Structure formats: C-alpha cells, structure tokens
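Peer 1: Residue numbers (the working numbering), protein chains in the order written: chain A, 5 to 137; chain B, 5 to 137.
Ideal placement from N, C-alpha and C gives every residue a C-beta, glycine not left out.
Treat the numbers as computed from the prediction; the structure is a model and nothing was measured.
Structure in structure tokens, see below.
There are 2 protein chains.
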Amino acid sequence: MNIAQHLSTHDIKPSYQRIKIYEYLYEKMNHPTVDVIYKNLVGEIPTLSKSTVYNTLKLFIDKGITSTLTIEDNEVRYDAAIDSHGHFKCTSCGAIFDIKYDFKDVAMNKLKGFEVKETQVHVKGKCNQCLTK
Amino acid sequence: MNIAQHLSTHDIKPSYQRIKIYEYLYEKMNHPTVDVIYKNLVGEIPTLSKSTVYNTLKLFIDKGITSTLTIEDNEVRYDAAIDSHGHFKCTSCGAIFDIKYDFKDVAMNKLKGFEVKETQVHVKGKCNQCLTK
DNA sequence: TCTAAATTTGTAATCATTACAAAAATAAAT
DNA sequence: ATTTATTTTTGTAATGATTACAAATTTAGA
Chain A
5 MNIAQHLSTH
15 DIKPSYQRIK
25 IYEYLYEKMN
35 HPTVDVIYKN
45 LVGEIPTLSK
55 STVYNTLKLF
65 IDKGITSTLT
75 IEDNEVRYDA
85 AIDSHGHFKC
95 TSCGAIFDIK
105 YDFKDVAMNK
115 LKGFEVKETQ
125 VHVKGKCNQC
135 LTK
Chain B
5 MNIAQHLSTH
15 DIKPSYQRIK
25 IYEYLYEKMN
35 HPTVDVIYKN
45 LVGEIPTLSK
55 STVYNTLKLF
65 IDKGITSTLT
75 IEDNEVRYDA
85 AIDSHGHFKC
95 TSCGAIFDIK
105 YDFKDVAMNK
115 LKGFEVKETQ
125 VHVKGKCNQC
135 LTK
C-alpha cells in the first residue's frame, strides 16, 4: 500500500512524520501505545517529539484511519484497522490478538431503538502459547 | 441486602466508609467514577478522603465484589455487579446502560485453546430517549 | 485501660495527556 | 529567487487521575 497516497486520500498531508507513524501502525499491527510508537521511531527520526505522536494519532482518528482500544485501564492503544473487531490480551505475555465477532449476536435485544456508533470487545486471559509452557 | 454482612462474607472488615461506598455503588448502580463517589459521599462523611475511595475500591476489586469498566479512555468507572455484562454509553446524555450478551456468541472461533478470564463489551451511540428528542 | 493492628487521611510524587507558543518546514505570491 | 503566509513539528509547562507514603485516627485485643 502507498501510505502517502492513503493519507492524502483521507485529507491528511503526508508529512515525513505522519508517513512514518502510519507505516509503523500499519506494518506492525501490534496495537502500540504512544510510548511504544515514540521509542520505536525516535531512532530513525531523532528530532521526533511525543507531542507529534499525540497530534498525529489524534488527526488519524479524526480522519477515520485509526482507532483506539483501552483494554487496560491505564494505557490507550492505537490500531490502523478500523473495522469492527475485538481484542484479546494475554495477561501473561502481554500480547494482543485480534478477534472477530459478529455484532449481531451481541446485545441486540437490549438495544432496540438505540443508535449504535461503535463497539469494543475486550477479552483477557492466557494465550495458547503461555498455557502450554 | 445486608451490606456489612456481604463485606464480611468476602473477607472485608465493614468499616463505616466501606459500607457507605459499597452502599452507594450497589444502590445507585450508576457506574460512577471515583470523583462521583467522592462528591456524593463527602456531604454525609465530611472527613472522607479520595484516597479512601481509591483504597476501598481497590480492596473491593481484590476481593471480587466490584468490577471496573473503561468505556471512555480517560475515566475508570466502578460497578457492584460482577457478572458478565456489557455497557452502552450514550454519547449525548452520558447515561450508561447495562446490556446482556451471550459470550458464547463472541469470538469463540479465534479463541480455541485460550483461557478466558474476563470479557468486556462496550457500545457507544445514542440512547432511545436522546434520539426521540 | 493500655497496646498493637488496621484503617483513614492529607500531601507529595508520578505518569499520561493536553495546551500552547516558538521554531522549523512547506507552500504560495510577488 | 525572495518574501510572506500557512502548516507542521517541537519543547515545555499545565492539567488531572492515580499512586505512594507517612502521620493521625479508629478499632480490636490483652
């Protein structure tokens, strides 16, 4: 995928920092926190500021090409995927897995007459690998 | 329900503050933040400290009689209900509704061999009342 | 009543995030 | 090509929620 083009299409001027940040999100798909993004890019962009990371992610969210997940009370994570999917966090190794779910099955009985804009499904436990150790 | 007894049963000494805080959680069922709990009780308990609210909620969670939900990135809310249920937050009036869902329907395909400890379902949108205004 | 333990409280420290203004970079205009 | 305006980035300070911690208070036991 051409990232500069992707940004432009969504009304975001493709600056160097923005391209790098989106590239990181998109290629790693590791649901990073701001801090993780910053630490991984500051080597390549020595002048990078955390403010820029915050600003850029906020812009991405405004323009609809990034979403957030808050699976742990104290850390916001970012995701280049914006389709409805859930997340599993392994409490042992910390890894986060995407999970698919069918929203039709979730809670529709109670939500008659409500307008649903966004759903988040978060699951915690132990992953396959950690269990077999 | 006898709150002092409920606390005792769960290995929590029923101090005045603890009873009042649990009573608030249990009777209001309004998924309050720490700040909301504090502001609502400080009239009745003038010496109350926010530290006590934090300490007490942490204790309740440790002992398994309270759970948390983080439907908004920046505010942790508390719930005396500990059974698996989801939450809908109206982005217009701010009200939070409990919603039931059947976890069997959520994500089981991907989670083969995983050990699930906790699930959270968060939905945002507009509630019935706000839509008909 | 005295002593020890548990609980509560207030304040300071921490940490993520936001606000904001200056600096740097980019684009537009002459 | 130079100046001017606009956008983006950066660094620092401010904010706000939460945690750490030690002193004060309360409760329980001897």
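Do you know whose CA, among I103(B), E119(B) and K130(B), lies nearest Y35(B)'s CA?
Peer 2: The amino acid at residue 35(B) is misidentified as Tyr; the sequence shows His. For H35(B), the nearest C-alpha among the options comes from I103(B).
Peer 1: Can you give me, in chain order, the residues of the region 27-60 of chain B that have a beta carbon less than 9 angstroms from any beta carbon in chain A?
Peer 2: none
Peer 1: Please report how far the alpha carbon of K137(A) lies from the alpha carbon of A99(A), in whole angstroms.
Peer 2: 15 angstroms
Peer 1: Helix, strand or coil: which one does DSSP assign to Y105(B)?
Peer 2: coil
Peer 1: What do you reckon, are the CB atoms on L45(A) and Y26(A) nearer than 8 angstroms?
Peer 2: No, the Cβ-Cβ distance between L45(A) and Y26(A) is not below 8 angstroms.
Peer 1: Which residue comes first and which comes last in the beta strand (DSSP E) that contains V46(B)?
Peer 2: First-last for V46(B): undefined, no H or E at that position.
Peer 1: Mind checking if F92(A) is an interface residue toward chain B, Cβ cutoff 8 angstroms exclusive?
Peer 2: yes
Peer 1: Spatial neighbours of L63(A) within its chain, please: CB distance less than 7 angstroms, with the 5 preceding and 5 following residues excluded, ordered by chain position.
Peer 2: I16
Peer 1: Within a Cβ cutoff of 6 angstroms, which residues of the same chain sit near E79(A), ignoring the five residues on either side of it in sequence?
Peer 2: T37
Peer 1: Could you tell me how far apart the beta carbons of V127(B) and V120(A) are, in whole angstroms, since I believe they sit closer than 8 angstroms?
Peer 2: 6 angstroms
Peer 1: Counting only Cβ-Cβ distances shorter than 8 angstroms, please list the residues of the region 118-131 of chain B near chain A, keeping chain order.
Peer 2: F118, E119, V120, K121, E122, T123, Q124, V125, H126, V127, K128, G129, K130 and C131
Peer 1: Whole angstroms are fine: how far does the CA of L115(B) sit from the CA of I86(B)?
Peer 2: 22 angstroms
Peer 1: Is the beta carbon of Y42(B) closer than 8 angstroms to that of A84(B)?
Peer 2: no
Peer 1: Taking the straight line between their C-alpha atoms, what separation do you get for K32(B) and E76(A)?
Peer 2: Cα to Cα, K32(B) sits roughly 25 angstroms from E76(A).
Peer 1: Return helix, strand or coil for F64(B), following the three-state DSSP convention.
Peer 2: helix
Peer 1: Taking S71(A) as the reference, give the member of Q9(A), D39(A) and T123(A) with the closest Cα.
Peer 2: T123(A)
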